[in-house]
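Inspection log for the structure reproduced underneath, given as structure tokens.
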Amino acid sequence: MDAPLTLDIVSAEEEQAWNRRHLAEPVTAPAIRFWGYREPALVLGCSQRRAISAETVRERAGLDLAARDAGGGAVLVGPWMLSASILLPLGHRYAQQPPALSYHWLGEAYRAVLAEVGIASEVLTPETARRLQREADPDIGWACYGGFSPGEVVVGRRKLVGLAQVRRAKGVLFVAGLLFGRTDWTLLCRAFGRPPGEAQRLADGNTCCVDEAGETLSPLALLCSLQQRLWASLGDPSGPNEPW
Numbered sequence: 001m002d003a004p005l006t007l008d009i010v011s012a013e014e015e016q017a018w019n020r021r022h023l024a025e026p027v028t029a030p031a032i033r034f035w036g037y038r039e040p041a042l043v044l045g046c047s048q049r050r051a052i053s054a055e056t057v058r059e060r061a062g063l064d065l066a067a068r069d070a071g072g073g074a075v076l077v078g079p080w081m082l083s084a085s086i087l088l089p090l091g092h093r094y095a096q097q098p099p100a101l102s103y104h105w106l107g108e109a110y111r112a113v114l115a116e117v118g119i120a121s122e123v124l125t126p127e128t129a130r131r132l133q134r135e136a137d138p139d140i141g142w143a144c145y146g147g148f149s150p151g152e153v154v155v156g157r158r159k160l161v162g163l164a165q166v167r168r169a170k171g172v173l174f175v176a177g178l179l180f181g182r183t184d185w186t187l188l189c190r191a192f193g194r195p196p197g198e199a200q201r202l203a204d205g206n207t208c209c210v211d212e213a214g215e216t217l218s219p220l221a222l223l224c225s226l227q228q229r230l231w232a233s234l235g236d237p238s239g240p241n242e243p244w
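The sequence shown: position 115 = 115 (the numbering used here), numbered continuously.
Below you can see the structure in the form of structure tokens.
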């Protein structure tokens, strides 16, 4: 019997707290959690923690600020995004792969599910990701969705799924962000203190499920299919999914 879908509607800080809490103790079995967001918030990569203060973000854009332990650029989470946290024990085969190669299984799960709803996408190989990154606009490299990494999912040259991971002594965390609806790129630029013109460049470099498959696409149906794909790839289709 398949595990029930767990989709929590949370703040950005609640998501990050869950991730930290479950990496602070030994991960003994794979676990999957899906996230939606009550309101927009700015989430910084670990190297950006000192780039901007919570007070500044609130003054500029009226947003809360959170920081993740994974690397990469800034992300504007919000009702348009569906995120996933996947915890793996250190001994799991995907946790033992080199970082650049360890995302492919995750990107492939997203690609397969997107294909089921008519979205033709591609999982970036390390070689393709390096080429696209060399050709990317350097002015928007401060944003997660302004660049490309192995395993991420694109439609043509437009990003649809961003990925990151955290490796700790007690387990490995993979995180994914699917652009289901249209992101407010103008709000992201305002929050991070970037020129307004960069919003259009971010919009040009990304896409979303609604634009690719239409407004009638069901996010819950998509996540149910994704959960099945993920568990099948992890080796336990009805696996445990209840770390609180």
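Cβ atoms here follow ideal geometry from the backbone N, Cα and C, with glycine treated the same way.
The structure displayed is predicted, hence computed values, not measured ones.
(message) Let me make sure I understand the geometry here. Which of Ile32, Arg201, Ile86 and Arg167 has the alpha-carbon closest to that of Arg158?
(response) Arg201
(request) Measure the beta-carbon distance from Leu217 to Val117 and round it to whole angstroms, keeping in mind my assumption that it falls under 8 Å. (result) 6 Å
(message) If the criterion is Cβ atoms closer than 9 Å, does the pair Ala67 and Gln133 meet it?
(response) no
(message) Taking the alpha carbon of Leu88 as the reference point, which residue from Asp8, Thr207 and Val27 has its own alpha carbon closest?
(response) Val27
(request) Return the CA-CA distance between Ile270 and Val172, expressed in angstroms with no decimal places. (result) The question about residue 270 has no answer here: the residues shown for the chain are numbered 1 through 244.
(request) Give the secondary structure of Phe192 by DSSP, where H, G and I count as helix, E and B as strand, and everything else as coil. (result) helix
(request) Keeping to the same chain, check which residues put their C-beta closer than 8 Å to that of Leu223; ignore five residues upstream and five downstream. (result) Same-chain partners within the cutoff: Leu5, Leu7, Phe34 and Leu82.
(message) Under DSSP, the alpha helix (DSSP H) around Arg229 begins and ends at which residues?
(response) Pro219 to Leu234
(message) Which residue wins for smallest C-alpha separation from Arg229, given the options Glu127, Cys144 and Val113?
(response) Val113
(request) Thinking Leu163 and Gly151 are a contact (beta carbons under 8 Å), I'd like their distance in whole angstroms, please. (result) 5 Å
(request) Tell me whether Val210 sits in a helix, a strand or coil according to DSSP, three-state version. (result) helix
(message) Is it buried or exposed, Arg262, if we count other Cβ atoms within 10 angstroms and call 16 or more buried?
(response) Here the chain covers residues 1 to 244 and nothing more, so residue 262 does not appear.
(message) Residues in the same chain with beta-carbon distance under 7 Å from Arg49, minus the five sequence neighbours each way, listed in chain order, please.
(response) Ala67
(request) Reducing DSSP to helix, strand and coil, say where Gly197 ends up. (result) helix
(request) Kindly identify the DSSP beta-bridge partner or partners of Ser53. (result) In the DSSP output, where bridge partners are listed per residue, Ser53 has none listed.
(request) Pull up the distance between the alpha-carbon of Glu198 and that of Tyr37, whole angstroms please. (result) 24 Å
(request) Put Ala17 into one of helix, strand or coil per three-state DSSP. (result) helix
(message) Out of Ala221, Asn206, Val43 and Gln165, which one is the CA nearest neighbour of Leu106?
(response) Gln165
(request) Report yes if the CB atom of Cys209 is closer than 9 Å to the CB atom of Leu178, and no otherwise. (result) yes
(request) Could you check which residue in Asn206, Pro79, Arg168 and Ala24 has the C-alpha nearest to that of Ala12? (result) Pro79
(request) Determine the closest residue to Glu108 out of Ala169, Val154, Ala61 and Asp204, with distance taken between C-alpha atoms. (result) Val154
(request) Give a yes or no on whether the C-beta atoms belonging to Arg111 and Ser121 are separated by under 9 Å. (result) yes
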